[in-house]
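S.K.:
Protein chains in written order, with the working numbering: chain A, 65 to 373; chain B, 575 to 818.
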């Protein structure tokens, strides 16, 4: 039994190294094929990374989702503080900050640059208000609308200011992007299948005599097919690794620009790379597509080669 | 070993290559298939090697009816038969060693065993030491002997050859034929298709003559006993050619 297993393993190793040797002996053709597969895999991988980064970046600048609850003039500060305390205990609210009218005036003076002009006012025209930050898990349009209603129901509350449209737009944009991603993944995945399949088809034609002789001396279909399957697997693996290099290069190129952009929003966003999980998925998909392309191609074309003495 | 029972073979183009052919070959026999080209010699060999299946009748090889062997069992069936071709069908981009080793490799033979058997097979055809050469560096006669080494490397009990001397001059032909004879002497059944009557006469073995897809004569039927007893002395009459 162990003999049978080791002879099976031997045959696989022979096929594996045979395929690898062939790929290495024709470096130009191999590199060109890998490049095509690499680019085809890099596009969806890059897009997936973009979607992932947009999602986490908008989560990162979640103060963009903060909304402000303005109280009517003359509402006692104790009442405001009680309301804030109750709100903090609600689900979906990360934090509630109380801003008194005085604090609001101070901040406005600093931010607006109208400091001197404002001292001329006898009365503080600004009301007390709360700055409410939704929890990241509750930042969808529906949840935020619920919170708006909660605050607006209190008679002391003058208005709740939030930009729900912006949230809706962002979410539907992410949704569209995710759909685009699936389209790209499907189309380019088929592209990789076609590239590998066609490359293997050409190789089968090129090695027709060898396949014929192998079948003549009793090589089974599995034996003839095995090296081509390994070749497909190597194309997929190599293409995926190349794709991860392309994505990495693209990130290095974009890093500065993204840093400057996020600085303008008062944030210091660091782009997320593929990570070991992303790399694993990319390499897994690449290998699977390469193998599948070879499997389909050999299934179609090897059957046509039967020895004719 | 082999029996043809009323076998006919019609090709898709409508040509009937064999019609109603019946014969039997016992284990250890040495048989020449002769006749003009187109007489059906190659068809008989193709039916034996299961490169074709009969249109009518049945072909039995090694106790198996070839018409009933499933496609996925064909590789195993072929591994039990050594086949030599007129154009030797060597892979010119591989060294001699790889060519001879191929039947063992497809059978999953352990590497050590492959090495031992390849050397033994090359030794038997007088080409030991040429493992690393390319087939293109060899003479036509040597190429044919590599083809024989490949056919016998997995020690089949049946060896068939289609015009193995078709491209060789008379001296080389006898040379190659002697190699086949040696395998028969150790118990291998050998069937050789040849259109060269002089060569066949020289060896004085059983001869099945085909003409237009039918058996014209079979010396086994005619004077088998006489042939069998006459074999040894007739071999001695051969010119003494040493295989280099």
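Backbone N, C-alpha and C fix where the C-beta goes; we use that ideal spot for every residue, glycine too. Since the model is a prediction, treat every value here as computed from it, not as a measurement.
If you draw a straight line from the C-alpha of residue 36 of chain A to the C-alpha of residue 308 of chain A, how long is it?
M.R.: Nothing can be reported for residue 36 of chain A: it is not among the residues displayed for chain A, which extend from 65 to 373.
S.K.: Cβ of residue 677 of chain B less than 9 Å from any chain A Cβ?
M.R.: True, the Cβ-Cβ gap to chain A drops below 9 Å.
S.K.: For residue 768 of chain B, does the count of other Cβ atoms within 10 angstroms reach 16, so buried, or fall short, so exposed?
M.R.: Buried.
S.K.: Using DSSP bridges, identify the partner residues of residue 235 of chain A.
M.R.: Beta-bridge pairing links residue 235 of chain A to no other residue.
S.K.: Quick one, are the C-beta atoms of residue 641 of chain B and residue 652 of chain B less than 9 Å apart?
M.R.: Not a contact, by the Cβ cut-off of 9 Å.
S.K.: Could you tell me the distance, in whole angstroms, from the CA atom of residue 105 of chain A to the CA atom of residue 121 of chain A?
M.R.: Distance between the alpha carbons of residue 105 of chain A and residue 121 of chain A is about 24 Å.
S.K.: In terms of residue numbering, what span does the beta strand (DSSP E) encompassing residue 285 of chain A cover?
M.R.: It is not in any beta strand (DSSP E) - residue 285 of chain A instead sits in the alpha helix (DSSP H) that spans 285 to 328.
S.K.: Please identify, using Cβ separations under 7 Å, the residues of the stretch 284 to 316 of chain A that lie next to chain B, in order along the chain.
M.R.: If the cut-off is 7 Å between Cβ atoms, the stretch 284 to 316 of chain A has 284 and 287 near chain B.
S.K.: So the candidates are B/694, B/664, B/774 and B/650; which of them puts its Cα closest to the Cα of residue 680 of chain B?
M.R.: Checking every option, the nearest Cα to that of residue 680 of chain B belongs to B/650.
S.K.: Specify, as a first and last residue, the run of the beta strand (DSSP E) that residue 225 of chain A falls within.
M.R.: Unbroken beta strand (DSSP E) run through residue 225 of chain A: 221 to 225.
S.K.: At a CB distance below 8 Å, what residues from the stretch 680 to 700 of chain B approach chain A? Give them in sequence order.
M.R.: Result list: 680, 681, 682, 683, 684 and 685.
S.K.: For chain B, is any of its Cβ atoms less than 9 Å away from the one on residue 75 of chain A?
M.R.: Closer than 9 Å to some Cβ of chain B, the Cβ of residue 75 of chain A qualifies, so yes.
S.K.: For residue 585 of chain B, which residues of its own chain have a beta-carbon under 7 Å away from its beta-carbon, when the five flanking residues on both sides are left out?
M.R.: Excluding residues within five positions, the ones whose Cβ falls inside 7 Å are 591.
S.K.: In whole angstroms, what is the alpha-carbon distance linking residue 240 of chain A and residue 249 of chain A?
M.R.: So the two alpha carbons sit approximately 14 Å from each other.
S.K.: Measure the Cβ-Cβ separation of residue 296 of chain A and residue 357 of chain A and say whether it is below 9 Å.
M.R.: Yes, they are a contact pair.
S.K.: For residue 733 of chain B versus residue 764 of chain B, is the C-beta distance shorter than 9 Å?
M.R.: Yes.
S.K.: Could you tell me whether the Cβ of residue 368 of chain A comes closer than 9 Å to any Cβ of chain B?
M.R.: Chain B, which has no Cβ nearer than 9 Å to the Cβ of residue 368 of chain A, makes this no.
S.K.: Answer yes if the stretch 613 to 633 of chain B comes into contact with the stretch 692 to 703 of chain B, meaning at least three C-beta pairs across the two stretches below 8 Å, and no otherwise.
M.R.: Segments in contact, no.
S.K.: Considering only the alpha carbon of each residue, which of A/212, A/165 and A/195 lies closest to residue 189 of chain A?
M.R.: Checking every option, the nearest Cα to that of residue 189 of chain A belongs to A/165.
S.K.: Closest to residue 595 of chain B by CA distance: which of B/610, B/589 and B/577 is it?
M.R.: Per the Cα distances, B/577.
S.K.: If you pair each beta-carbon of the stretch 200 to 214 of chain A with each one of the stretch 112 to 120 of chain A, do three or more pairs fall below 8 Å?
M.R.: Judged by Cβ distances under 8 Å, the stretch 200 to 214 of chain A makes no contact with the stretch 112 to 120 of chain A, as fewer than three pairs qualify.
S.K.: Does the beta carbon of residue 663 of chain B come closer than 9 Å to any beta carbon on chain A?
M.R.: At least one chain A Cβ lies under 9 Å of residue 663 of chain B.
S.K.: Hey, would you say residue 216 of chain A sits closer than 9 Å to residue 223 of chain A, going by beta carbons?
M.R.: In contact: residue 216 of chain A and residue 223 of chain A (Cβ atoms closer than 9 Å).
S.K.: I want to verify the contact list: residues of chain A whose CB lies under 9 Å from the CB of residue 650 of chain B, in sequence order.
M.R.: Here the neighbours are 282 and 284.
S.K.: Could you check the C-alpha separation between residue 623 of chain B and residue 659 of chain B for me, to the nearest Å?
M.R.: Rounded to the nearest angstrom, the two C-alpha atoms are 12 Å apart.
S.K.: For residue 589 of chain B, count neighbouring Cβ atoms within 10 angstroms of its own Cβ and tell me buried if that reaches 16, exposed if not.
M.R.: Flag for residue 589 of chain B reads exposed.
S.K.: What separation, rounded to the nearest whole angstrom, lies between the Cα atoms of residue 311 of chain A and residue 103 of chain A?
M.R.: Near 9 Å, if we compare the C-alpha coordinates of residue 103 of chain A and residue 311 of chain A.
S.K.: Below 7 Å on C-beta distance, what does residue 94 of chain A contact in chain B?
M.R.: Those within 7 Å of residue 94 of chain A in chain B number zero; the least Cβ separation is about 18 Å.
S.K.: Check the Cβ-Cβ distances between residue 657 of chain B and every residue of chain A, and say whether any is below 9 Å.
M.R.: It does; some Cβ of chain A falls within 9 Å.
S.K.: How many whole angstroms separate the CB atoms of residue 363 of chain A and residue 300 of chain A, which I take to be in contact at a CB cut-off of 8 Å?
M.R.: That belief does not hold up - the Cβ atoms of residue 363 of chain A and residue 300 of chain A are roughly 17 Å apart, past 8 Å.
S.K.: In the DSSP assignment, what are the bridge partners of residue 159 of chain A?
M.R.: DSSP output for residue 159 of chain A lists A/197 as bridge partner(s).
S.K.: Judging by CA-CA distance, which residue of B/632, B/682, B/738 and B/720 is the nearest neighbour of residue 709 of chain B?
M.R.: Nearest option by C-alpha distance: B/720.
S.K.: Which chain A residues sit within Cβ distance under 8 Å of residue 653 of chain B?
M.R.: Within chain A, the residues near residue 653 of chain B are 281 and 282.
S.K.: So within the stretch 657 to 688 of chain B, which uninterrupted beta strand (DSSP E) runs reach at least 3 residues, ignoring any that extend past its ends?
M.R.: Here no run is fully enclosed.
S.K.: Compute the distance between the beta-carbons of residue 194 of chain A and residue 258 of chain A, then report whether it is under 9 Å.
M.R.: No, these two residues do not count as a Cβ contact at 9 Å.
S.K.: How is the alpha helix (DSSP H) around residue 617 of chain B delimited, first residue to last?
M.R.: Where residue 617 of chain B is concerned, the enclosing alpha helix (DSSP H) stretches over 615 to 622.
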